[in-house]
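Going line by line, the protein sequences match chains A, B, C, D and E. The opening residue of the first sequence carries number 3 in the numbering used here; numbering runs sequentially from there. The opening residue of the second sequence carries number 3 in the numbering used here; numbering runs sequentially from there. The opening residue of the third sequence carries number 81 in the numbering used here; numbering runs sequentially from there. The opening residue of the fourth sequence carries number 191 in the numbering used here; numbering runs sequentially from there. The opening residue of the fifth sequence carries number 98 in the numbering used here; numbering runs sequentially from there. Take a look at the structure set out below.
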Amino acid sequence: MLTALVKRLGQTVLVLFGISVLVFLVFFATPGADPSARIAGRNASQETLAAVRHQYGFDRPLPVQYVKLMGRLFITCDLTSFVDHGEEVVPEVMRAAPVTISLVAGAAVIWIVVSIAMGTIATAMRGTFVDRGLMMLGLVGISMPVFWLGEVTNLITQSRYHDTWMFSWVPGLGYVPLSDDPIGWFRHLIIPWCVLAVLFIGIYGRVLRADLVAAYGEDFMRTARAKGLTETRVLLRHGLRTSLITFVSLFGLDFAQLVGGGALLTEVVFGLQGVGRLTYQGLINLDLPLIMATVMYSAIFVVLANAVVDLVYLLLDPRVRDGR
Amino acid sequence: DQTPADAPPLIAPGGQTLGSPHRGGTLRLTADAGAGTADPQVNYNSEMITLGVVVYDGLTAFAKRPGEASNIPVADLAEALPEPQDGGLTYVFHLRPGIRFSSGREVGVRDVVASFQRIFKVNSPTAGGFYGGIVGADACLKDGPNCTLAGGVVGNEADRTITFHLTHPDAEFFDKLSFPHAYVLPADTPAHDLGNNAPPGTGPYRIVSYDPNHGMTVERNPYFKVWAPEAQPDGYADHIVYSYGLTDEAEVTATENGNFDYMYDNVPLDRYGELGDRFPDQVHINDIFGMFYLIMNVNLPPFNNIKVRQAVNYAVNRRAMQTFYGGPAAGSVLCQNIPSGLSGYEPYCPYTKGADFAHPATEWKAPDLARAKQLVAESGTKGMHVTLVVPNRAVEIAMGTTLQNMLRSLGYDADVKAIAFAIQFTYIQNTNNKVQISLSDWYADYAEPSDFLTALYGCENFHPGSDSSVNISGYCSKPVQALFDQAALVSVTDKKAGAALWAKADRMMLQDAPAAPLIKMKKIDLVSKRLGNFYNTNLYHMLFSQVWVQ
Amino acid sequence: MDAEYRGGDPLLEVRDLTITLPAGRGKTVRIIENISFALGAREIMGMVGESGSGKSMTALAIMGLIDAPGASITGSARFRGRELIGLGRREMRALRGAEIAMIFQDPMTALTPVYTIGWQIDEQLRAHKRLSRAGARARTVELLGDMGVPDPERAADRYPHQLSGGLRQRAMIAMALSCNPSLLIADEPTTALDVTVQAQILDLLRRLRSDFGSSILLITHDMGVVAETCDRTMVLYAGNVAERGPTGALFTRPGHPYTAGLLDSIPPLHGERPKRLPSILGAPPNPAQRPDGCPFLPRCSHGHDTCETRPALVTVGEQDVACVLPLEGRPLPPRIQPAFAPTVFPA
Amino acid sequence: MPSAVIAAGVLVLLVAASLAAPLYASRVAHTEPFVSDVAATVTLHGEEIPVMQPNNNRLHLGLTPIGPTWHADADLLGADSQGRDVAARLLYGGRNSLLISSCAAILCIVMAAVVGICAGFFGGIVDMLLSRLMDIMWAIPVYLFAISLSIVTVSQGLQLGPFVIRSDNLILPIAIIALVYVPYAARPIRGRVMSLRQAEFVLAARCLGVSRTRILMRDILPNVSTTLIVLAPLVMALALLAESALSFLSIGVQAPAASWGTIIEDGQGLIYTRPMVAIAPGLAIVVTVLALNILGDGLRDALDVKETSRRRT
Amino acid sequence: MSATAPLIETKHLSKHYQVGSALRGKQTLRAVDDVSLAVRPGETLGLVGESGCGKSTLGRCLLRLTDITDGAIEFEGRDITRARETTLRPMRPRMQMVFQDSYASLNPRRRVGDLIAEPLRVHRGPNGRRTRSEISDRLHELTNLVGLPASALERYPHEFSGGQRQRINIARALALSPRLVVADEPVSALDVSIQAQIVNLFMDLQDRLGLTYVFIAHDLSVVRQIATRVAVMYLGSVVELGDADTVLHSPAHPYTAALISAVPEPVVGLASRRTLLTGDVPSPISPPPGCRFHTRCPIAQPRCRTDVPALRDLGDGRQAACHFPLN
Ligand SMILES: Nc1ncnc2c1ncn2[C@@H]1O[C@H](COP(=O)(O)OP(=O)(O)OP(=O)(O)O)[C@@H](O)[C@H]1O
Ligand SMILES: Nc1ncnc2c1ncn2[C@@H]1O[C@H](COP(=O)(O)OP(=O)(O)OP(=O)(O)O)[C@@H](O)[C@H]1O
Ligand SMILES: [Mg+2]
Ligand SMILES: [Mg+2]
């Protein structure tokens with residue numbers, strides 16, 4: 003038990019180390035990425051440039067810079083952005099997290115509910131045109147580039163039909179904290195939720211249907227039906243419950259990836275200042291501290307999610323619990 | 003309570019002034035992101051500077067008047083603009099009494115002195131460029147933390163004077179003092195980049211909070227009283243709130259929908275038609291001192307050949323560039339290095355169809371491909387590989403594509419490479435990156451021709467191997483440099499004679515063609531329906547203190 | 081009523097049951113062809129046949145559990161005189177689990193892995209009876225105890241995988257019996273179990289009749305299991321009834337060459353060890369390529385011209401046999417029963 | 191599997207249409223889709239109209255490209271902000287997009303197969319290292335890589351031994367996209383191999399004295415192929431979506447050349463005035479991805495038959 | 098090598114697996130525990146026991162298809178306990194295996210001809226690498242031998258019935274003319290009517306080729322039919338070993354007796370004579386102390402709970418691991 007935990011922790015640290023070193027090296031291997039001149043400002047004199055270089059330690063050997071950077075990121079937590087000089091990236095990421103979590107959690111609720119409905123309805127009506135239609139719809143959802151869908155949605159709800167009764171309720175883009183204004187929070191997020199959820203509805207609906215149909219062939223489903231249970235109960239309590247195991251593991255990883263900044267494009271398109279947009283900012287400004295902070299945050303989340311998924315697996319599947 | 007009506011409301015060119023003067027309310031601004039540190043002596047971004055002008059003051063300031071009038075420095079914290087002494091080497095300023103920082107403390111002489119020292123302590127970007135001419139600045143540049151500017155900036159508490167000693171006469175000294183990096187901050191302001199914590203200032207507003215990823219809130223400075231309406235008038239709105247996070251497209255939509263009063267970022271081109279059709283009254287178009295130019299590296303083939311550079315100047319279709327920037331209403335064709343509106347500007351265009359140096363035209367008409375091809379043929383560089391570097395933004399990519407077509411038609415094997423906007427400008431500066439030809443824009447810090455000539459083509463601004471070398475073309479010509487120096491010197495005492503010299507330098511340099519000027523830009527501002535008294539200054543766009551919201 | 085059933089009113093009477101499934105490209109295949117049989121109250125009837133002969137399909141058809149798209153079921157299956165084929169979903173559901181219960185071959189896969197066995201038994205109880213949670217659980221524990229599960233209370237809280245095969249099968253049986261069904265269909269209930277455990281389960285099944293009064297339709301491919309457990313036996317071959325009759329008669333005087341061959345090819349555990357095992361040549365036909373005549377013809381050592389048409393079931397002695405031999409006066413010779421096993425443990 | 195057949199037909203049609211792009215541009219549309227010409231005109235109903243239409247409002251601000259005319263010879267789908275025919279660019283873009291995504295998918299599947307098979311077959315430390323490597327790759331921001339590469343390649347190109355890869359070299363997006371999705375594809379392959387490694391026929395092969403490499407090649411690989419074939423269209427679909435982002439970052443397809451991704455990016459700036467510029471390539475991507483997915487499903491079903499024909503006992 | 102020298106012999110062979118989840122901690126599963134056996138050339142050793150008692154594991158150990166935890170194995174007098182894969186490879190032609198699951202042991206993606214030819218391709222023949230025609234001749238010989246139609250070679254495994262697939266497996270195992278064939282439940286998955294065919298085939302092949310079998314089965318009657326000697330396994334150990342007829346007629350170990358008594362026979366009226374065991378086989382992860390069978394043994398004595406009985410010679414060529422052997 004303990005050794006397993008230690009081993010897992012060791013591997014996690016290894017992964018985080020690998021990612022950070024790679025990000026760091028890629029950054030410094032990029033010609034023109036040297037942040038000194040950008041920090042010093044346009045047309046800075048050579049003396050100023052040298053002073054800035056020294057002040058930020060860019061004249062030190064790379065390993066020293068790496069260690070300092072990591073120390074400030076993880077130990078003192080006072081790493082500041084190269085672009086927004088006073089901006090401490092760790093609190094910034096922490097401030098952005100609630101936005102992302104609001105976005106992702108809401109979308110997750112939508113995609114879970116809709117995809118479960120879609121998967122079960124398609125399974126219950128498998129072979130019919132309803133089934134085929136739903137699955138096709140799912141595919142369309144998977145095929146649409148999310149930033150494109152977001153832009154088109156914005157075009158419709160914010161501009162073209164903003165004055166009509168249909169979309170006049172849509173507030174401007176942006177984010178309102180839940181604690182400030184719950185209704186505003188909801189109205190701001192409902193469209194981003196839907197746009198983000200579309201892709202996952204497609205994936206999860208299809209995965210669930212496949213699992214459920216496979217479950218239909220399982221003996222225990224036959225047993226359940228032989229018990230005289232209603233079809234709905236058989237499908238939901240026996241089929242869905244067992245199929246949910248794949249569903250949940252998939253969900254854990256996707257959710258973590260999104261919370262870790264994977265919803266970048268959605269956040270940018272809808273002007274939500276979440277972790278994804280932060281990553282995006284970091285990338286377009288080539289702001290190493292911000293990139294490093296968001297990447298590490300995301301990696302930690304993904305690793306954490308892996309662990310949580312394993313745990314949930316344990317809860318959901320008694321077989322795994324006993325290591326069989 | 004003083005009413006802002008002290009400063010007469012002036013009708014800005016372009017859109018209409020709506021509504022009646024109204025004090026109060028919240029001015030809502032939007033930009034896609036914050037713009038770096040809130041330390042006014044470090045930040046060099048126009049987004050932050052535009053806001054900073056209503057928060058801070060220097061000894062002098064560019065007049066807060068609409069249009070051309072805003073190019074001129076006027077006394078701000080100083081009682082008056084002093085006469086230069088010692089042939090332009092010494093200036094003595096009298097500090098106005100009774101002005102308070104937003105922290106409540108009165109501004110004293112030592113605050114002024116400390117602020118100038120602080121420029122060097124915090125490695126302000128212009129420390130060398132603008133303030134390197136102050137006595138003692140050399141030592142400060144080398145050893146910032148212990149900067150004293152001894153003998154350079156001398157304060158006298160008793161008679162409230164601050165005396166500046168320069169190493170050489172500087173015609174643009176007041177411009178530089180008016181520049182935001184010379185704002186006066188409390189003497190106890192920490193000597194490091196303050197990041198998100200804006201220091202107290204003396205303007206009508208103060209920054210309450212700033213988060214470069216979310217927004218900024220600004221409120222009235224309770225200690226503010228108008229002392230010189232021309233330099234720092236009172237504001238109308240009670241609050242100014244900046245929200246970050248929208249894309250440019252979304253900013254337009256949100257402003258159209260009335261969610262914001264003003265968008266900082268440029269309106270994307272494709273929205274121009276819509277603005278013209280549906281919101282003409284909310285659009286304001288104003289000149290700015292900004293240009294697009296095509297920079298050729300005079301040290302790399304084929305552009306080390308003057309004929310090739312001239313050929314490019316002849317061949318480039320400036321009209322097409324104008325179209326990509328939004329057409330004649332959004333920018334004007336630029337044929338020379340000094341744009342109109344600055345001293346030294348003369349209508350002059352040798353590089354156009356039917357003109358040459360012997361018979362220059364007054365304005366650009368059309369490209370002269372035949373002549374360009376002939377020049378290329380003479381240069382013997384035909385068929386060489388040329389890579390054009392442009393920043394990866396839609397407008398520049400469109401321009402780049404057309405320029406690539408042009409280079410191809412001249413007989414070059416031309417590529418266009420778009421690189422990340424964030425590093426494009428430093429990238430093309432560094433000679434190590436061997437950039438042959440690049441497209442960039444340039445904005446003036448203040449309204450002087452030197453900002454377009456000396457800055458971009460002066461020998462002292464060429465630093466091989468450095469990321470900070472704004473003389474990107476690497477051009478350094480002895481006679482031209484001599485003219486630059488002479489023009490700068492003459493201007494100290496005689497602006498008019500100086501202007502003539504600048505014009506001469508421009509013409510001489512144009513012949514060497516280290517770059518091809520393309521267009522001069524205009525700023526297209528979109529404001530909300532409820533924003534009134536749109537008020538534009540040439541250098542800092544819309545003046546936030548002078549617009550009102552209903 | 082078929083000749084062979086001689087009891088009173090049968091509990092279950094199947095007549096001309098035929099199951100047709102689509103086989104792609106618009107073709108269909110008859111999995112089960114005109115199967116008829118009757119099962120009396122408190123009777124254990126065995127259904128034997130090789131893999132794929134249609135045993136499970138028959139059972140599923142009776143349970144109304146065939147839901148393959150395009151499946152067509154014709155004929156009749158009357159349970160207590162009530163027609164099951166074509167019965168409405170709701171009525172069928174009320175019968176299923178309550179009146180007719182079924183247990184399956186592999187107790188590992190036949191139980192939902194994510195619920196405790198107690199939960200699963202409770203579920204069935206509550207589906208058919210108005211019982212509280214606690215009431216259902218009490219009954220569950222009682223049932224498990226009846227099935228010989230040690231410490232039934234704790235066993236009820238365990239997951240299927242935590243139990244041994246034997247216990248799992250007992251839980252399955254407990255679940256099937258939870259509503260006191262009058263008919264229990266057991267589809268190969270012991271195939272996945274070890275012989276020693278199989279013996280325990282078969283013993284349990286036999287006791288059910290006395291304790292619960294259930295009739296059992298026992299599906300298996302093991303002739304030994306049938307011999308040991310069933311009152312009457314039906315032998316299926318390629319979707320057809322080959323022979324049916326009282327188990328004793330069928331084993332001593334098999335009427336169908338297939339039955340005889342099947343019995344012969346089992347290596348004896350006692351007595352003389354044959355040099356070679358008598359075996360039936362070839363393999364059972366694919367349902368899509370079943371011969372028109374006697375389905376056993378390709379493998380039959382007695383085959384001749386008259387076998388080219390499908391033989392009907394004829395009553396010979398105590399059995400019904402689908403073979404022309406008895407009618408042609410050439411019945412198979414009676415079978416020599418192998419020697420009895422010695423008792424090994426001291427009494 | 192009629193739907194899969196239709197999907198395959200649609201794909202063939204898309205490829206054919208893309209291949210016919212030069213024909214369309216020169217013969218039908220009479221346009222030069224790679225030259226920006228803001229002064230160009232088209233003839234519509236016998237009338238010469240400028241492609242870039244001035245805005246005749248009070249401000250005279252900007253020019254708006256012509257919208258869809260629905261005439262094949264006159265900007266069928268309209269023009270983009272540089273006055274180029276969107277329809278012709280769409281067809282040319284299809285060539286690049288389909289080429290990049292299919293090559294990336296193949297490369298990715300090959301790499302994923304190597305990684306997945308090694309990790310799954312050898313297990314132990316090899317598996318641990320490869321799995322962690324995949325984790326690292328999965329968590330690295332692709333765009334950071336892309337931006338850096340784009341800068342590296344802009345001037346001197348990427349020096350790989352004797353080869354110099356310039357930034358317009360399509361190998362770059364192909365390699366990047368392929369790399370990015372290796373972890374995605376390697377995971378299921380690894381799982382499949384791990385279960386195959388336990389398969390009785392592998393044991394049987396070992397028992398026959400077959401060497402490990404031969405087992406890998408003859409027994410494992412053919413059985414993984416189903417997984418590979420099913421994954422390929424999915425990865426290709428993902429690659430198609432990733433390509434657009436990379437093109438925007440100047441990796442791969444470079445202006446003035448087109449890909450569906452770059453056209454969407456161009457169209458992004460026109461979405462409020464000429465939405466068709468973004469919608470058309472978006473639809474092309476949707477249709478292609480849809481067809482690929484349906485084809486993938488069909489392939490899986492078709493290939494699965496063999497596995498499932500075994501009767502359940 | 099003398100005539101009576103064993104072809105394969107195990108001495109105190111053990112195979113343990115580490116099982117359990119990382120979270121719950123690993124446990125040791127004693128799949129095979131201290132087994133000593135010898136198989137002489139030409140004989141058939143039947144290996145019986147209930148599911149999970151370690152029959153397959155033992156079979157795999159014999160052929161060194163898994164690593165061995167403890168003990169030793171000698172094949173043809175040579176110690177192969179720790180032999181590497183490369184050392185074993187040249188010996189493989191002489192020791193072969195036929196698996197229970199006839200489908201799973203054939204690669205579904207390869208043609209039957211390919212599958213059977215595989216060993217011929219990877220091993221050299223008597224005159225070096227085999228030529229195409231040699232291989233094809235041998236293939237036809239083999240299909241004849243096991244009774245497959247020649248057309249089978251071109252088809253895929255899924256096109257065959259279970260019995261035919263088992264013939265393919267046998268043909269492949271025989272391709273290199275092995276001396277020893279370990280058959281792991283080769284007929285368990287087959288229908289009775291087919292089972293008899295395959296059992297006959299095994300016996301015919303032994304007659305014709307002089308093979309030595311280790312025949313694993315859980316069906317006692319099949320083992321009796323084919324085996325000359327029988328080893329009965331319980332929870333990883335051999336509890337009784339001896340002549341097939343003797344062991345099955347008068348078992349010495351109560352477990353053997355119970356096993357025999359539990360077999361359902363196609364004889365009507367026998368059921369009442371069964372001696373039923375109670376309870377289930379304990380887990381090999383935590384086997385009971387003392388005699389492993391004592392938890393289910395009808396004649397267990399207190400001593401059985403503490404003392405582990407060794408496999409003892411009972412005189413009549415039989416060995417049993419019981420403190421109180423029957424008869
Ligand atoms: N859903 C189905 N679609 C098509 N054919 C089916 C289906 N289910 C079963 N079959 C076929 O029907 C025939 C009878 O199957 P059934 O399961 O009843 O056999 P069985 O006698 O129970 O065999 P086993 O002993 O293997 O359980 C077999 O040939 C089988 O392949
Ligand atoms: N690779 C393995 N890892 C862990 N445990 C194993 C492994 N293989 C077998 N076992 C365990 O070893 C024990 C013996 O297994 P083995 O397969 O040898 O039994 P068997 O007698 O062949 O059973 P069956 O009749 O079911 O084939 C079982 O408890 C099994 O779960
Ligand atoms: Mg069955
Ligand atoms: Mg086994």
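Virtual Cβ for every residue (Gly too), placed ideally from N, Cα, C. A quick note: this is a predicted structure, and the numbers were derived from the prediction, not measured.
Q: Could you tell me whether any Cβ in chain E is nearer than 8 Å to the Cβ of Ala-389 (chain D)?
A: Here the question's residue 389 (chain D) lines up with position 199 in the fourth sequence. Interface residue, yes.
Q. If you draw a straight line from the C-alpha of Ile-290 (chain B) to the C-alpha of Pro-214 (chain B), how long is it?
A. Position 288 of the second sequence holds residue 290 (chain B). Position 212 of the second sequence holds residue 214 (chain B). Roughly 26 Å separates the two Cα atoms.
**Q.** Cβ neighbour criterion (16 or more within 10 Å) applied to His-361 (chain B)
**A.** The count along the second sequence starts at 1 and reaches residue 361 (chain B) at position 359. Exposed, because fewer than 16 other Cβ atoms sit within 10 Å of the Cβ of His-361 (chain B).
Q | Other residues of its chain near Ile-367 (chain D): CB distance less than 6 Å, five sequence neighbours each side excluded | A | Looking up residue 367 (chain D) in the fourth sequence gives position 177. Once the five neighbours on either side are set aside, the close Cβ partners of Ile-367 (chain D) are Ala-294, Ala-429 and Ala-432.
Q.
ligand 2 and His-315 (chain E): does any heavy atom of the ligand fall closer than 7 Å to the residue's C-beta?
A. Within the fifth sequence, the letter at position 218 stands for residue 315 (chain E). It does: the Cβ of His-315 (chain E) is within 7 Å (strictly closer) of some heavy atom of ligand 2.
Q. Quick one: is Asp-198 (chain E) near chain D, going by C-beta distance under 8 Å?
A. Here residue 198 (chain E) refers to the residue found at position 101 when the fifth sequence is read from its first residue. It does; some Cβ of chain D falls within 8 Å.
Q. Is Asp-211 (chain E) near ligand 6, with its Cβ less than 7 Å from a heavy atom?
A. Ligands in the displayed structure: ligand 1, ligand 2, ligand 3 and ligand 4; ligand 6 is not one of them.
**Q.** Partner residues on chain A for Ala-329 (chain D), Cβ-Cβ distance less than 8 Å
**A.** Stepping through the fourth sequence from its first residue, residue 329 (chain D) is reached at position 139. The answer, in chain order, is Val-17, Ile-21, Val-297, Ser-300, Ala-301 and Val-304.
Q: Can you give me, in chain order, the residues of the region 456-480 of chain D that have a beta carbon less than 9 Å from any beta carbon in chain B?
A: Asp-456, Gln-458, Gly-459, Leu-460, Ile-461, Tyr-462, Thr-463 and Arg-464
Q) Going by the CB atoms, is the gap between Ile-124 (chain C) and Cys-310 (chain C) shorter than 8 Å? A) As a first step, residue 310 (chain C) is located in the third sequence; it is residue number 230 there, counting from the start. As a first step, residue 124 (chain C) is located in the third sequence; it is residue number 44 there, counting from the start. Contact: yes.
Q.
Which residues in chain E have a C-beta closer than 7 Å to the C-beta of Val-400 (chain D)? List them in chain order.
A. By one-based count along the fourth sequence, residue 400 (chain D) stands at place 210. In chain order: Glu-215 and Val-219.
Q) How about the region 235-247 of chain B and the region 107-123 of chain A: do they share at least three Cβ pairs that are nearer than 8 Å? A) no
Q: Go to Lys-112 (chain E), then tell me how far its beta strand (DSSP E) extends in each direction, as first and last residue.
A: The residue given as residue 112 (chain E) occupies position 15 in the fifth sequence. Unbroken beta strand (DSSP E) run through Lys-112 (chain E): 105-116.
Q. When every heavy atom of ligand 3 is checked, does at least one fall within less than 7 Å of the C-beta of Glu-282 (chain E)?
A. Position 185 of the fifth sequence, counted from the first residue, corresponds to residue 282 (chain E). Not under cutoff, so the answer is no.
Q | Where Val-289 (chain E) falls, given that 16 or more other Cβ within 10 Å makes a residue buried | A | Mapped onto the fifth sequence, residue 289 (chain E) falls at position 192. Its Cβ being crowded by 16 or more others within 10 Å, Val-289 (chain E) is buried.
**Q.** Tyr-352 (chain E), enclosing alpha helix (DSSP H) - first and last residue
**A.** Along the fifth sequence, read from residue 1 onward, the residue named residue 352 (chain E) stands at position 255. Note, Tyr-352 (chain E): alpha helix (DSSP H), 351-359.
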